[in-house]
Amino acid sequence: MQGTDTAAEETLGDSGGDVDILVIGGGQAGLAAGYYLNRLRRDEATGRSGPAPTFAILDANSEPGGAWQHYWPSLELFSPAAHSSLPGHQMPAWPGNGNPTARHVADYLSSYEARYQLPVHRPVRATAISPGADGGYITDTSRGQWTSRVVINATGTWDAPYFPQLPGAGSFQGRQLHTVDYRGPGAYAGLNVIVVGGGNSGAQIAADLAPAASVTWVTRKPPRYLPDDVDGTELFRIATRHVRALAAGEPSPGSAASLGDIVAVPAVRKARDAGLLEARPLFSRFVPGGVQWPDGEQAAADVVLWCTGFRPSLAHLQPLSLQLQNGAPATEPRPATRSAGSPGLFFLGYGDWCGPASATLIGVGATARDTVAAAAARVSADGPGAQSP
0 MQGTDTAAEE
10 TLGDSGGDVD
20 ILVIGGGQAG
30 LAAGYYLNRL
40 RRDEATGRSG
50 PAPTFAILDA
60 NSEPGGAWQH
70 YWPSLELFSP
80 AAHSSLPGHQ
90 MPAWPGNGNP
100 TARHVADYLS
110 SYEARYQLPV
120 HRPVRATAIS
130 PGADGGYITD
140 TSRGQWTSRV
150 VINATGTWDA
160 PYFPQLPGAG
170 SFQGRQLHTV
180 DYRGPGAYAG
190 LNVIVVGGGN
200 SGAQIAADLA
210 PAASVTWVTR
220 KPPRYLPDDV
230 DGTELFRIAT
240 RHVRALAAGE
250 PSPGSAASLG
260 DIVAVPAVRK
270 ARDAGLLEAR
280 PLFSRFVPGG
290 VQWPDGEQAA
300 ADVVLWCTGF
310 RPSLAHLQPL
320 SLQLQNGAPA
330 TEPRPATRSA
340 GSPGLFFLGY
350 GDWCGPASAT
360 LIGVGATARD
370 TVAAAAARVS
380 ADGPGAQSP
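Under numbering that gives the first Met the number 0, the residues of the sequence shown are numbered 0 to 388, in order.
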């Protein structure tokens with residue numbers, strides 16, 4: 000279907016609706032898509048384009064801010080605010096030391112959503128997306144059913160934490176937690192905590208816990224710090240150059256991974272230089288009171304905190320039986336976000352497999368722009384008056 004703002008308002012309800020483009024996810028990727036969809040609507044209002052597609056954004060969270068609202072208070076971005084913005088609106092300067100915190104980002108996303116009056120519906124969780132009768136999609140949610148010509152899936156990864164499975168886990172008398180459970184050092188005071196993970200979350204959480212708990216930091220391989228003067232801005236530049244070279248069939252000039260795995264933000268740098276981040280190899284099994292290494296050495300643990308990353312949150316897409324490539328849904332070369340097996344479905348914000356650095360604030364804008372252009376073209380190809388399923 001095609002329609003004006005008034006038509007869109009008539010079809011959008013808290014219990015479902017009918018739109019041209021449905022965005023699943025109200026975090027940074029979903030809002031970036033909303034920005035470009037909203038710009039099409041403004042172009043229509045000023046006579047610079049034809050009818051703009053109607054759209055809605057569904058967010059499973061009860062408050063704006065995406066996953067950033069759930070992070071621990073001391074988490075620090077890799078880049079200053081000036082290099083951590085979504086398209087169209089600069090993130091306000093961070094008044095404190097170092098780089099912005101997660102709360103600063105969540106507040107920025109909330110203001111971004113309000114600034115552009117994006118049609119976000121929350122809390123609404125997508126439970127299943129099925130093919131429609133005429134090539135569109137039917138999206139079942141926790142609050143009714145939506146129909147659309149196109150789905151832009153921007154659900155991120157926060158709802159799919161990855162827990163490695165090691166022998167003896169059933170006998171362990173302590174707690175196994177994940178990054179998603181960490182809210183700061185207060186709950187761990189005086190405890191024996193094993194932090195697992197050689198990436199940024201593992202390093203930042205280990206540094207955050209060190210003054211309050213007895214921390215053992217465990218990594219699969221020795222931690223690799225990026226040079227102290229390298230931040231997220233440079234990482235984005237390197238990642239973009241790497242992916243574009245591969246897409247063009249040219250030799251890669253090097254990826255961000257070649258520099259290291261951990262950005263030395265001030266808190267990590269301080270803990271590292273104080274000798275508080277001495278990593279041990281990954282243990283081989285659990286024992287009732289803690290963990291054990293292959294040589295038989297054991298360490299007591301009240302908590303094992305897995306900082307081992309996430310998987311894309313895609314359970315609601317199972318009815319589509321998507322084809323996979325390297326463990327992720329296969330996408331087309333251009334735009335890299337379009338599903339290879341379901342051409343009205345797009346993936347936005349998950350990482351390099353659907354756009355260079357698209358899982359970052361600074362990187363998601365370019366792929367959001369290309370995705371919206373392709374999504375709008377698909378809607379337009381159906382012709383005026385085409386109906387969603």
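Every residue gets a Cβ at the ideal spot worked out from N, C-alpha and C, and that includes glycine. On a predicted model such as this, the values are computed, not experimentally measured, just so you know.
Look up residue i in the DSSP assignment and say whether it is helix, strand or coil.
i: Ala356; result: coil
i: Asn37; result: helix
i: Asp381; result: coil
i: Ile23; result: strand
i: Gln324; result: strand
i: Ser338; result: strand
i: Asp106; result: helix
i: Ile237; result: helix
i: Gly15; result: strand
i: Leu319; result: helix
i: Trp145; result: strand
i: Glu75; result: strand
i: Ala7; result: Its pLDDT being 36, under 50, Ala7 is placed unreliably by the model, and the measurement read from it follows with that caveat. Three-state result, Ala7: helix.
i: Ala159; result: coil
i: Ala329; result: coil
i: Thr370; result: helix
i: Gln386; result: With a pLDDT of only 39 at Gln386, under 50, the local geometry of the prediction cannot be trusted, and the value read off the model is given with reservation. Three-state DSSP puts Gln386 in coil, outside helix and strand.
i: Ala299; result: strand
i: Arg114; result: helix
i: Gly2; result: Low per-residue confidence applies at Gly2: pLDDT is 34, beneath 50, and the placement is therefore not dependable, though the value from the model is reported in the following sentence. In this structure, Gly2 counts as coil in the three-state DSSP scheme.
i: Val363; result: helix
i: Val179; result: helix
i: Ala59; result: coil
Could you say which of the options lies nearest to residue i if we only look at CA atoms?
i: Leu108; options: Gly274, Asp260, Leu344 and Ala31; result: Ala31
i: Ala298; options: Pro280, Phe309 and Ser61; result: Pro280
i: Ser84; options: Ala327, Thr359, Ala372 and Thr370; result: Thr359
i: Gln291; options: Ala80, Asp139, Gly167 and Val194; result: Gly167
i: Gly64; options: Trp157, Asp17, Asp228 and Leu21; result: Trp157
i: Tyr136; options: Ala51, Pro160 and Ser341; result: Ser341
i: Pro293; options: Phe282, Ala314 and Ala300; result: Phe282
i: Val18; options: Arg38, Arg41, Trp67 and Ser147; result: Ser147
i: Leu165; options: Arg284, Thr215 and Gly143; result: Arg284
i: Ala380; options: Ala51, Leu36, Gly95 and Met90; result: Ala51
i: Gln172; options: Ser73, Asn191, Arg377 and Ala186; result: Asn191
With a cut-off of 8 Å on the beta carbons, I'd call residue i and residue j a contact; round off their distance for me.
i: Val363; j: Gln27; result: 6 Å
i: Ala389; j: Asp139; result: As shown, the chain starts at 0 and ends at 388. That puts residue 389 outside it, with no answer to give.
i: Ala365; j: Gly354; result: 7 Å
i: Tyr161; j: Phe346; result: Not a contact, Cβ separation roughly 18 Å.
i: Pro221; j: Ala278; result: 7 Å
| message | As an exercise, report each continuous alpha helix (DSSP H) stretch of at least 4 residues that is fully enclosed by the segment 118-143, in chain order. | response | none
| Minimum length 3: unbroken beta strand (DSSP E) runs contained in the segment 181-229 | 191-195 and 213-218
| request: Would you check if the segment 114-125 and the segment 55-69 touch, i.e. whether three or more CB-CB distances between them fall below 8 Å? | output: yes
| query | Quick one: any contact between the segment 166-182 and the segment 300-313, if contact means 3 or more CB pairs under 8 Å? | reply | yes
| On the three-pair Cβ rule with 8 Å, is the segment 268-279 touching the segment 199-211? | yes
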